[in-house]
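In my numbering, the protein residues as written are 1 to 75. To start, the structure under review is shown below, and the notes come after it.
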Amino acid sequence: MNSAGIAVQFSALPPGVVMILAAIAVPWIPHMARQAWMLAAIALSAWGLTTGAGEHFVWTALGYEFVLYRADALT
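Here's what the structure looks like:
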């Protein structure tokens, strides 16, 4: 947990956020590396779907806990 009260693990980010963060860097990556970059982003995003059920991205502020990412069991 850092000083702002946000506990962040990269594996706990929602898969959509991983794709958005990866897409921000795309315009500055050369063509061949861009293809590998996007395949890696897709693989990382898919891996994020395998996180177990529970609360993974929680922000505590002013005595409240804000749950930003809660994974449900995929059934």
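Even for Gly, the Cβ is constructed at its ideal location relative to N, Cα and C. This one's a predicted model, so the numbers in the text were calculated from it and none came from an experiment.
Each residue's CA atom was taken as its position, placing residue 30 and residue 41 some 16 Å apart.
If you check the CB distance, residue 27 and residue 48 do not come in under 7 Å. Shown here for residue 18: same chain residues with a beta carbon closer than 7 Å to its own, the five before and five after excluded, namely 41, 44, 45, 48 in chain order. In this structure, residue 57 lies away from residue 39, with their beta-carbon atoms at least 7 Å apart. Across the structure, residue 32 and residue 61 are spaced so that their CA atoms are roughly 43 Å apart. Assignment of residue 21 by DSSP, reduced to helix, strand and coil, places it in the helix class. Going by DSSP, residue 48 is part of the alpha helix (DSSP H) stretching over 31–48.
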